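Heads up: the structure comes next, in structure tokens.
Residue numbers (my numbering): 7 to 367.
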């Protein structure tokens with residue numbers, strides 16, 4: 007074996023010994039900051055604090071955050087505006103502000119479709135009347151709103167299928183799951199997220215008269231698609247459960263009874279696990295999807311557990327925890343294989359939106 011080949015083999019061998027590095031962004035809603043975090047497989051740390059917003063004397067509330075499919079940009083919703091909120095576009099790596107666009111009342115969660123390249127943002131309308139709100143559709147190149155689609159009362163959690171063709175969102179005060187056809191710019195189906203009153207509804211039935219509107223028990227806060235795009239999982243915050251919806255049958259097929267106040271969830275990229283944050287209980291649950299069994303329920307480092315994102319290799323879950331009062335927020339790092347909370351990183355107050363950027367050797 008010649009020297010160059012031996013050197014190549016030795017280099018490959020060394021690379022297998024080196025751990026992976028995981029990078030993610032998390033918002034601090036009461037501090038108007040975004041933090042870039044790096045985790046090396048053992049410990050995590052904040053490597054950059056990024057001030058956001060334009061009003062130095064006002065808390066503008068960075069809420070939702072998402073990364074473009076190519077990893078080149080990150081987008082941030084600032085919920086509090088005069089009177090409307092904005093979405094900001096930043097460049098990853100440099101974290102340079104590129105542009106912003108004004109949207110509706112309290113823009114919240116969002117994601118870019120890899121089929122259209124457009125950004126779909128739900129307008130939560132937290133402080134408004136109990137009336138139907140909207141989804142804003144944004145051209146990310148020009149940073150302009152190209153369409154606005156009406157859905158339900160207080161839409162919050164929203165995610166797009168892996169093929170990029172459908173966006174799913176849940177309206178808390180309508181108790182409804184909405185399916186948006188991203189190519190047609192229209193709501194194609196709606197579904198009540200409860201069990202006892204389970205029924206299919208026409209889109210028009212989801213638009214209730216807000217003067218007669220009664221808040222549903224379910225109060226769904228999040229939705230997440232399975233990697234096979236055959237199911238979505240809806241978190242019913244008010245009913246303490248997560249329901250599985252079969253997208254072909256458009257019906258609820260399973261229910262997972264959780265701890266108090268489930269808030270967000272994510273399915274691991276390998277399709278094996280469902281990780282659910284329990285906001286009221288200050289815990290995080292890991293469920294095995296095949297059996298429907300909760301494998302473990304871990305106590306978080308702070309109270310008011312918020313968001314979760316799972317690494318592309320399905321190994322780690324990163325959970326944002328808000329904290330209370332003057333406490334800093336935290337990002338708890340969970341080893342899914344070991345079913346253990348192995349590290350945490352302190353961040354700014356009221357840690358909320360969280361998004362995975364990249365994984366590298």
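The beta carbon of each residue, even a glycine, is placed where N, CA and C say it ideally should be. Predicted model only: the values in this text are computed from it and were never measured.
Within 10 Å of its beta-carbon, does residue i have 16 or more other beta-carbons around it, so buried, or fewer, so exposed?
| i | result |
| --- | --- |
| residue 25 | exposed |
| residue 257 | exposed |
| residue 296 | exposed |
| residue 46 | exposed |
| residue 246 | buried |
| residue 2 | Outside the displayed range of the chain (7 to 367) lies residue 2, so it cannot be described from this structure. |
| residue 291 | buried |
| residue 263 | exposed |
| residue 138 | buried |
| residue 283 | buried |
| residue 133 | exposed |
| residue 355 | buried |
| residue 299 | exposed |
| residue 346 | exposed |
| residue 366 | exposed |
| residue 84 | buried |
| residue 64 | exposed |
Would residue i and residue j qualify as a contact pair, given that the criterion is a beta-carbon distance under 8 Å?
| i | j | result |
| --- | --- | --- |
| residue 40 | residue 58 | yes |
| residue 86 | residue 99 | no |
| residue 248 | residue 240 | yes |
| residue 201 | residue 266 | no |
| residue 174 | residue 185 | yes |
| residue 176 | residue 127 | no |
| residue 42 | residue 29 | yes |
| residue 391 | residue 119 | Since the first and last residues shown for the chain are 7 and 367, residue 391 lies out of range. |
| residue 289 | residue 304 | yes |
| residue 144 | residue 171 | no |
| residue 110 | residue 140 | yes |
| residue 342 | residue 357 | no |
| residue 115 | residue 194 | no |
| residue 60 | residue 359 | no |
| residue 188 | residue 122 | yes |
| residue 243 | residue 313 | no |
| residue 117 | residue 166 | yes |
| residue 136 | residue 179 | yes |
Since residue i is in the beta strand (DSSP E), which residue starts that stretch and which ends it?
| i | result |
| --- | --- |
| residue 350 | 346 to 353 |
| residue 357 | 357 to 366 |
| residue 279 | 279 to 284 |
| residue 44 | 39 to 45 |
| residue 189 | Note, residue 189: premise wrong, no beta strand (DSSP E); not H, not E. |
| residue 173 | 172 to 177 |
| residue 311 | 311 to 316 |
| residue 154 | 150 to 156 |
Could you work out which residue in the options is closest to residue i when comparing CA atoms only?
| i | options | result |
| --- | --- | --- |
| residue 199 | 226, 275, 302 | 226 |
| residue 222 | 173, 313, 195, 158 | 158 |
| residue 102 | 81, 290, 167 | 81 |
| residue 315 | 143, 348, 89, 273 | 273 |
| residue 48 | 366, 180, 349 | 349 |
| residue 339 | 197, 332, 362 | 362 |
| residue 306 | 300, 294, 331, 351 | 351 |
| residue 34 | 347, 341, 344, 336 | 336 |
| residue 6 | 111, 110, 96 | This structure cannot speak to residue 6, because the chain is shown only from 7 to 367. |
| residue 108 | 230, 153, 334, 333 | 153 |
| residue 310 | 44, 329, 317, 50 | 329 |
| residue 331 | 131, 308, 294 | 308 |
| residue 168 | 277, 190, 220 | 277 |
| residue 394 | 56, 50, 131 | Nothing can be reported for residue 394: it is not among the residues displayed for the chain, which extend from 7 to 367. |
From the beta carbon of residue i, is the nearest beta carbon of chain B less than 8 Å away?
| i | result |
| --- | --- |
| residue 85 | Here there is only one protein chain, and chain B is not present. |
Worksheet item: Quick one: any contact between the region 136 to 149 and the region 228 to 235, if contact means 3 or more CB pairs under 8 Å?
Response: no
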